[in-house]
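In our numbering, the protein residues as written are 30 to 325.
Note that CB positions come from ideal geometry on N, CA and C, so glycine has one too.
Please read the structure below before turning to the comments.
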Amino acid sequence: MNTFARHDLETALFHNYSLEITGKDIGQIEAARFAIPAGTPINIAFLGNETHAQRIEAAARIRQWGFEPVPILSSRRLKSVEDRDELLAGLIVAARPTRFMFVGGDPSSPAGPYKDSLDLIAGGIIEDHGITHVGIGGYPEGHPRIDRTRLWEALEQKIGLLKARGCTVEITTQFGFDADAIVDWIVRVRERGIDVPIRIGVPGPADVRRLLRFAVQFGVASSAAIVGKYGFSLANLVDKVGPDRFMSRLADGMAGRNLGTVLLHLYPFGGIAETVAWAADAACRQMSARVRGETR
Numbered sequence: 030m031n032t033f034a035r036h037d038l039e040t041a042l043f044h045n046y047s048l049e050i051t052g053k054d055i056g057q058i059e060a061a062r063f064a065i066p067a068g069t070p071i072n073i074a075f076l077g078n079e080t081h082a083q084r085i086e087a088a089a090r091i092r093q094w095g096f097e098p099v100p101i102l103s104s105r106r107l108k109s110v111e112d113r114d115e116l117l118a119g120l121i122v123a124a125r126p127t128r129f130m131f132v133g134g135d136p137s138s139p140a141g142p143y144k145d146s147l148d149l150i151a152g153g154i155i156e157d158h159g160i161t162h163v164g165i166g167g168y169p170e171g172h173p174r175i176d177r178t179r180l181w182e183a184l185e186q187k188i189g190l191l192k193a194r195g196c197t198v199e200i201t202t203q204f205g206f207d208a209d210a211i212v213d214w215i216v217r218v219r220e221r222g223i224d225v226p227i228r229i230g231v232p233g234p235a236d237v238r239r240l241l242r243f244a245v246q247f248g249v250a251s252s253a254a255i256v257g258k259y260g261f262s263l264a265n266l267v268d269k270v271g272p273d274r275f276m277s278r279l280a281d282g283m284a285g286r287n288l289g290t291v292l293l294h295l296y297p298f299g300g301i302a303e304t305v306a307w308a309a310d311a312a313c314r315q316m317s318a319r320v321r322g323e324t325r
């Protein structure tokens, strides 16, 4: 994304967004498939309580319905090189993914030979399976178990390893409530010479209780001051809130800056259908605002 006026920027953010789903919730994609833009990348979460068969089936259905499956590989959950290869072979036969996302994963200790996604990248997965496009994680507000210096080092190392192996790279960030912190982080990424596309993790509409539960699970900052800027109060847990105020603040912070390619990754905490409907409505509102501005 080049330097845009604010309304151009916010309109552009809503094009080519990506989504995320679990194997057990794949039916939500089917139910909403006619509202999801064709070719939308859909990340498939790697949960500890799901099987490879569920992940492969989800990828196959996503491909069947005209979207782009993006399997997430949780490095610390892979039990062996053979386990890795069995999953990859199944995914490639069933769904022909053109992109993958590599993460460390939640377990504090590895189930097999990979302690983090750096190990996975260095362990031959790219060469062995002909992978050409990889997404990696970004943490604008930090990580609960990794200090910030190490996060920056790991980000640069992963990008370097992947580019050296001929891969194109994309960063998808953890969701957050603090748009100002996210803009500051994107600026720092670009100042470090990292020019790959960034997908900003944005929670779809959901009730406050659910948002806070995921914030605790993923170590996302959720102080009263931060969530107040986002648009909700810790005193009203049953209220449903969308990211409209967050998006407005994000666009304000990015306007007038050349921050490279910046897109959205929508976390559908309130369900796929509601998240997709919100994105379509927001895009329409931004387009209408742009047209009104041009006709004045």
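Whole-number beta carbon distance between residue j and residue i, since they are thought to touch under 8 Å
{"i": "residue 123", "j": "residue 150", "result": "Going by Cβ atoms, the distance from residue 123 to residue 150 rounds to 23 Å, so no, they are not a contact pair."}
{"i": "residue 309", "j": "residue 64", "result": "7 Å"}
{"i": "residue 201", "j": "residue 230", "result": "6 Å"}
{"i": "residue 205", "j": "residue 295", "result": "Contact doesn't hold; Cβ gap of about 13 Å is too wide."}
{"i": "residue 162", "j": "residue 196", "result": "6 Å"}
{"i": "residue 228", "j": "residue 199", "result": "6 Å"}
{"i": "residue 42", "j": "residue 263", "result": "Their Cβ separation, rounded to whole angstroms, is 28 Å, which puts residue 42 and residue 263 out of contact at 8 Å."}
Host alpha helix (DSSP H) of residue i (start-end)
{"i": "residue 257", "result": "253 to 259"}
{"i": "residue 44", "result": "Premise fails: residue 44 is in no alpha helix (DSSP H) and is neither H nor E."}
{"i": "residue 249", "result": "Taken as a continuous stretch (DSSP letters only), residue 249 belongs to no alpha helix (DSSP H), as it is neither H nor E."}
{"i": "residue 172", "result": "Looking at the DSSP string, residue 172 is not in any alpha helix (DSSP H), and its letter there is neither H nor E."}
{"i": "residue 85", "result": "81 to 93"}
{"i": "residue 149", "result": "146 to 151"}
{"i": "residue 273", "result": "273 to 283"}
CA-to-CA distance, residue j to residue i, given in whole angstroms
{"i": "residue 135", "j": "residue 165", "result": "15 Å"}
{"i": "residue 61", "j": "residue 155", "result": "33 Å"}
{"i": "residue 30", "j": "residue 129", "result": "Caution applies to residue 30, whose pLDDT of 48 falls short of 50 and renders its modelled position unreliable; the value that the coordinates give is listed next. Answer to the nearest angstrom: the Cα atoms are 23 Å apart."}
{"i": "residue 235", "j": "residue 112", "result": "36 Å"}
{"i": "residue 173", "j": "residue 92", "result": "34 Å"}
{"i": "residue 82", "j": "residue 168", "result": "30 Å"}
{"i": "residue 47", "j": "residue 96", "result": "10 Å"}
{"i": "residue 57", "j": "residue 306", "result": "13 Å"}
{"i": "residue 190", "j": "residue 152", "result": "11 Å"}
{"i": "residue 74", "j": "residue 284", "result": "32 Å"}
{"i": "residue 121", "j": "residue 87", "result": "13 Å"}
{"i": "residue 313", "j": "residue 44", "result": "11 Å"}
{"i": "residue 186", "j": "residue 218", "result": "13 Å"}
{"i": "residue 253", "j": "residue 139", "result": "35 Å"}
{"i": "residue 281", "j": "residue 210", "result": "13 Å"}
{"i": "residue 78", "j": "residue 286", "result": "43 Å"}
{"i": "residue 182", "j": "residue 175", "result": "11 Å"}
{"i": "residue 114", "j": "residue 90", "result": "21 Å"}
Cross-strand partners of residue i (DSSP beta bridge)
{"i": "residue 296", "result": "232"}
{"i": "residue 50", "result": "73"}
{"i": "residue 167", "result": "202"}
{"i": "residue 58", "result": "None, per the DSSP bridge assignment."}
{"i": "residue 162", "result": "197"}
{"i": "residue 188", "result": "According to DSSP, residue 188 bridges with nothing at all."}
{"i": "residue 227", "result": "200 and 291"}
{"i": "residue 108", "result": "None, per the DSSP bridge assignment."}
{"i": "residue 270", "result": "235"}
Whether residue i touches residue j by CB criterion (9 Å)
{"i": "residue 340", "j": "residue 180", "result": "What is shown of the chain runs 30 to 325, which leaves residue 340 out entirely."}
{"i": "residue 55", "j": "residue 99", "result": "no"}
{"i": "residue 327", "j": "residue 208", "result": "A question about residue 327 goes unanswered here, because the residues of the chain that appear run from 30 up to 325."}
{"i": "residue 225", "j": "residue 133", "result": "no"}
{"i": "residue 103", "j": "residue 142", "result": "no"}
{"i": "residue 259", "j": "residue 267", "result": "no"}
{"i": "residue 145", "j": "residue 194", "result": "no"}
{"i": "residue 50", "j": "residue 215", "result": "no"}
Opening and closing residue of the beta strand (DSSP E) in which residue i lies
{"i": "residue 102", "result": "97 to 103"}
{"i": "residue 129", "result": "129 to 132"}
{"i": "residue 200", "result": "197 to 202"}
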